[in-house]
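See below for the structure under consideration.
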Amino acid sequence: MTQSGPDWQQPSAQPANTGEAQFPSGYFQPTTPAGGTPVGQPGGAPAPRMVKRTPVVVLAVLVGVLVLTTGLFTTLFLVARGNHNEASERLAAVEKSIEDTNGQIQSAKSSLDDVERAHDDLESQNSTLHRCADSAKAAILAAQGADQAAVQTQVGRMYDNCG
99 MTQSGPDWQQ PSAQPANTGE AQFPSGYFQP TTPAGGTPVG QPGGAPAPRM VKRTPVVVLA
159 VLVGVLVLTT GLFTTLFLVA RGNHNEASER LAAVEKSIED TNGQIQSAKS SLDDVERAHD
219 DLESQNSTLH RCADSAKAAI LAAQGADQAA VQTQVGRMYD NCG
């Protein structure tokens, strides 16, 4: 029962705790301590217990730490994903550059093969022309001499070499 509501009324006078009317003789006669509740009577309502907020504070701090950790890891994940995307783009660009360079190398090798074939053809022609020129010189030198058989032989060689 609360002592503060409108249903509770304070009696105008309290009976003394030591009267014969209240307690017959031979029985315990309670005394009232100064300013307190009579002995043997129910006391006032106990003082409200202090609610310990330690678990609530610990859980609130734990939730805060978990939220911050989640934010940190989300940020790290997004940064790592961005770095991965940038690295993938750079890798694709490097691979394309390598493919282009390989194409240029193949083109250069093909051109080199063409130049080497042309060089071999020119060396063959040069060799043929040198034989022709050497045979012609020999025929001219033989013609300056008096030997007609040597001239005929050198002219035949010249026709064979110059063709």
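Residue numbers (my numbering): 99 to 261. All C-beta atoms, glycine included, are put in the ideal place defined by N, C-alpha and C. From a predicted model like this one, the values you see are computed outputs, not experimental measurements.
To the nearest angstrom, how far is it from the Cα of residue i to the Cα of residue j?
i, j, result
"Ala294", "Val249", "The shown model of the chain, from 99 to 261, leaves out residue 294, and the question about it has no answer."
"Ser186", "Val213", "40 Å"
"Gln204", "Ser225", "31 Å"
"Asp219", "Arg179", "60 Å"
"Val163", "Asp198", "52 Å"
"Phe265", "Glu184", "Absent from the model: residue 265. The displayed extent of the chain is 99 to 261, so no value can be given."
"Met148", "Thr173", "42 Å"
"Val156", "His182", "38 Å"
"Leu227", "Arg215", "18 Å"
"Lys150", "Val161", "19 Å"
"Thr167", "Pro153", "21 Å"
"Ala191", "Ala158", "49 Å"
"Gly254", "His217", "30 Å"
"Leu239", "Ser209", "44 Å"
"Lys207", "Lys235", "41 Å"
"Lys194", "Leu170", "36 Å"
Assign residue i to one of two classes, buried (16 or more other C-beta atoms within 10 Å of its C-beta) or exposed (fewer than that).
i, result
"Ser222", "exposed"
"Thr116", "With a pLDDT of only 49 at Thr116, under the threshold of 50, the placement of this residue in the model should not be trusted; the figure read from the coordinates follows. The residue in question, Thr116, is exposed, as its Cβ has fewer than 16 Cβ neighbours within 10 Å."
Is it true that the CB of residue j sits closer than 8 Å to the CB of residue i?
i, j, result
"Asn259", "Cys230", "yes"
"Ser233", "Gln252", "yes"
"Glu244", "Met256", "Looking at the sequence provided, one finds Ala at residue 244 rather than Glu. No, the pair does not count as a contact, with Cβ atoms beyond the cut-off."
If you follow the alpha helix (DSSP H) that residue i is in, where does it begin and where does it stop?
i, result
"Lys207", "Thr152 to Gln242"
"Asp258", "Gln246 to Cys260"
Please decide whether residue i counts as near chain B, where near means a Cβ-Cβ distance under 8 Å.
i, result
"Gln252", "Looking at the structure shown, chain B is missing, and only one protein chain is on hand."
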